[in-house]
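Chains as they are written, first to last, in this note's numbering: chain W, -15 to 240; chain S, 385 to 707.
Now the structure itself:
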């Protein structure tokens, strides 16, 4: 089975967010970057499928040069090779524009399966995988926790709201968006890190894949949310704050 | 252009609450743009649902009906609504931001050359649409440009279902052309993951733990606080993903929805998927080391600090107060 995993590099979860001067995005200088969480689960699912059924795992990621470190990390975990869509201004594309880039890179590979994470931890659009399926003309299923290969295609476990699930049967080739938590994530081994250095990373310019077209949807500005609720912050030492909280819960909120 | 269209979903045979919220959002958009609001229901038998919608202030209700729409599939719904919207050419389409909508609306928009503005929390003059970024640490303002239909989906709880105005509407039927072979996926009936033995929904107090706990070995300090309070223990998704607590203790969009008297969030940053599951709580307390964590937005009381110091101190203070 030939599996392509589309991954995204995002700011570290604990990153302190500062808005850039133009007010359109965050200040990226000085940020630490990481593999998007649900993409890590997509990669894990791909590696496990390869271990069971053989084949190849190819990672594809769009972004500037820094994305290379996240690509290497994926290769160190066991992906066979990678395609880096080099783009310094990915932020000027909307979800459809980014999916067009990925589709152009994925199509000539003729994969049996394309996996993406459910949504990114930065923009949180949760659309790329579903649009990618549409552009590739492939069936898809989203919010997938488990994938099983069958004779005619795949049986997948899909998460629904409030603790419900369903299974979905679909033919391959197909696109799945993977939810976090379906598998236990692996770490890269020392051997894996060493091997990753020799694995192929093909760099393709975004402009070669899909011409820049005006985005349909534009992020005009970003802002720190204004408070909806007046929160009483309790300071002092841990002990003082704890004592103050108990007082408040008992005599003000009257819930103790 | 034919105004604003709202696509409604059913739940247990009736219009779902979040669909009414989408109608309220459509009416808000109508006030901003001066356009009329229409509603669409999709399925194999939509008569009852359409009748329910027709008691509200919408211009018309369209039953998008086909036997192949009996159960939801992305292929079926995308095809059906593609045909409806190609014939109606709406200015805006509003969806409730459900798992189902997330599964097909991005593809539907793309098929029509558009991009969905998903998970919208507010709309303002322009119109411009607000949605959260960076796990709720930021708000982003989005605008649809160019011609064509603007597709948006609205977050649960962002608009008020009870704000939907009453009225009467004409009901018509739209019959899309769908071939069985065009539906490529076969979904099963839905099922529960495991027997639910914990009903957090009726708990009076919940102590909930998140990623900040860092290690399963540290969970007892939170359990001790819950015990001292006589509270149930809950968790955000990553804790259950790691297998540190069973799935049935998960609170949020994919877990349980709770509304206790006291909700105490320990080391939970407050991503929207978690907040939708607990924002009905009467009193919310947040303990987190990051003063910028979105959980503080939802909290009545907050303590910025190291949970490994604050939680044991709180356990002691609760025990003392109860003596």
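The beta carbon of each residue, even a glycine, is placed where N, CA and C say it ideally should be. Since we're looking at a predicted model, the values are computed, not measured.
Check: Which stretch, first to last residue, makes up the alpha helix (DSSP H) that contains residue 118 of chain W?; Outcome: 112 to 120
Check: Pop quiz: residue 172 of chain W and residue 60 of chain W are said to be a contact at Cβ under 8 Å. What is the actual Cβ separation, rounded to whole angstroms?; Outcome: 4 Å
Check: Where residue 562 of chain S and residue 568 of chain S are concerned, what is the direct C-alpha to C-alpha distance, given to the nearest angstrom?; Outcome: 12 Å
Check: For residue 658 of chain S, go through chain B and note every residue whose CB falls closer than 9 Å to its CB, in chain order.; Outcome: Going by chain labels, chain B is absent from the structure shown, which instead holds the protein chains W and S.
Check: Output the boundary residues of the alpha helix (DSSP H) element that contains residue 2 of chain W.; Outcome: Here residue 2 of chain W belongs to no alpha helix (DSSP H), and DSSP marks it neither H nor E.
Check: Tell me the DSSP bridge mates of residue 616 of chain S?; Outcome: S/590
Check: Which parts of the segment 420 to 506 of chain S are runs of the alpha helix (DSSP H), unbroken and 4 residues or longer, counting only runs that do not cross its ends?; Outcome: 431 to 437, 458 to 472 and 483 to 495
Check: Could you compute how far the alpha carbon of residue 549 of chain S sits from the alpha carbon of residue 410 of chain S?; Outcome: 11 Å
Check: Check the C-beta distance from residue 264 of chain W over to residue -6 of chain W and give it rounded, since I have them as a contact under 8 Å.; Outcome: Nothing can be reported for residue 264 of chain W: it is not among the residues displayed for chain W, which extend from -15 to 240.
Check: Given a cut-off of 8 Å on the beta-carbon distance, is the pair residue 626 of chain S and residue 651 of chain S in contact?; Outcome: no
Check: Could you name the residues of the same chain whose beta carbon sits closer than 7 Å to that of residue 643 of chain S, not counting the 5 residues immediately before and after it, in chain order?; Outcome: 664 and 665
Check: Could you give the residue range of the beta strand (DSSP E) that holds residue 661 of chain S?; Outcome: Premise fails: residue 661 of chain S lies in the alpha helix (DSSP H), 656 to 662, not in any beta strand (DSSP E).
Check: My assumption, with CB atoms under 8 Å, is that residue 33 of chain W sits in contact with residue 133 of chain W. Please give the rounded CB distance.; Outcome: 7 Å
Check: Tell me the residue span of the alpha helix (DSSP H) that contains residue 238 of chain W.; Outcome: From DSSP, residue 238 of chain W is part of no alpha helix (DSSP H); its letter is neither H nor E.
Check: Kindly list, in the order they appear in chain S, the residues whose Cβ is closer than 7 Å to that of residue 126 of chain W.; Outcome: 486 and 487
Check: Helix, strand or coil for residue 175 of chain W, going by three-state DSSP, please let me know.; Outcome: helix
Check: DSSP on residue 395 of chain S, reduced to helix/strand/coil?; Outcome: strand
Check: Leaving out the 5 sequence neighbours to the left and right, which residues in its chain are closer than 7 Å to residue 57 of chain W when beta-carbon positions are compared?; Outcome: 19 and 172
Check: May I ask you to report which of helix, strand or coil DSSP gives residue 563 of chain S?; Outcome: coil
Check: Please confirm if the segment 529 to 549 of chain S is in contact with the segment 615 to 635 of chain S, defined as three or more CB-CB distances below 8 Å between the two stretches.; Outcome: no
Check: Alpha helix (DSSP H) containing residue 702 of chain S: first to last residue?; Outcome: 691 to 706
Check: I'd like to know whether the C-beta atoms of residue 621 of chain S and residue 607 of chain S end up nearer to each other than 8 Å.; Outcome: no
Check: What's the gap between the Cα of residue 706 of chain S and the Cα of residue 235 of chain W?; Outcome: 13 Å
Check: Per DSSP, what are the beta-bridge partners of residue 647 of chain S in this structure?; Outcome: S/590 and S/668
Check: According to the neighbour-count rule (16 or more other Cβ atoms, all chains shown, within 10 Å of its Cβ), is residue 547 of chain S buried or exposed?; Outcome: exposed
Check: Using a Cβ-Cβ cut-off of less than 9 Å, give me the residues of the segment 522 to 533 of chain S that come near chain W, in sequence order.; Outcome: 522, 523, 524, 525, 526, 527, 528, 529, 530 and 532
Check: Rounded to whole angstroms, what is the Cα-Cα separation between residue 8 of chain W and residue 202 of chain W?; Outcome: 10 Å
Check: Less than 8 Å separating the beta-carbons of residue 206 of chain W and residue 3 of chain W?; Outcome: yes
Check: Can you list the residues of chain W that residue 568 of chain S reaches, using a CB-CB cut of under 7 Å?; Outcome: 123, 154 and 155
Check: 8 Å is my cut-off, CB to CB: does residue 674 of chain S come that close to chain W?; Outcome: yes
Check: For residue 148 of chain W and chain S, any beta-carbon pair shorter than 8 Å?; Outcome: yes
Check: Going by C-alpha distance, which of W/237, W/-1 and W/191 is nearest residue 13 of chain W?; Outcome: W/-1
Check: Any Cβ of chain W within less than 8 Å of the Cβ of residue 688 of chain S?; Outcome: yes
Check: Any beta carbon of chain S sitting closer than 8 Å to that of residue 209 of chain W?; Outcome: yes
Check: Hey, does residue 698 of chain S have any beta-carbon neighbour from chain W nearer than 8 Å?; Outcome: yes
Check: Can you grab the Cα-Cα spacing for the pair residue 217 of chain W / residue 447 of chain S, in whole Å?; Outcome: 51 Å
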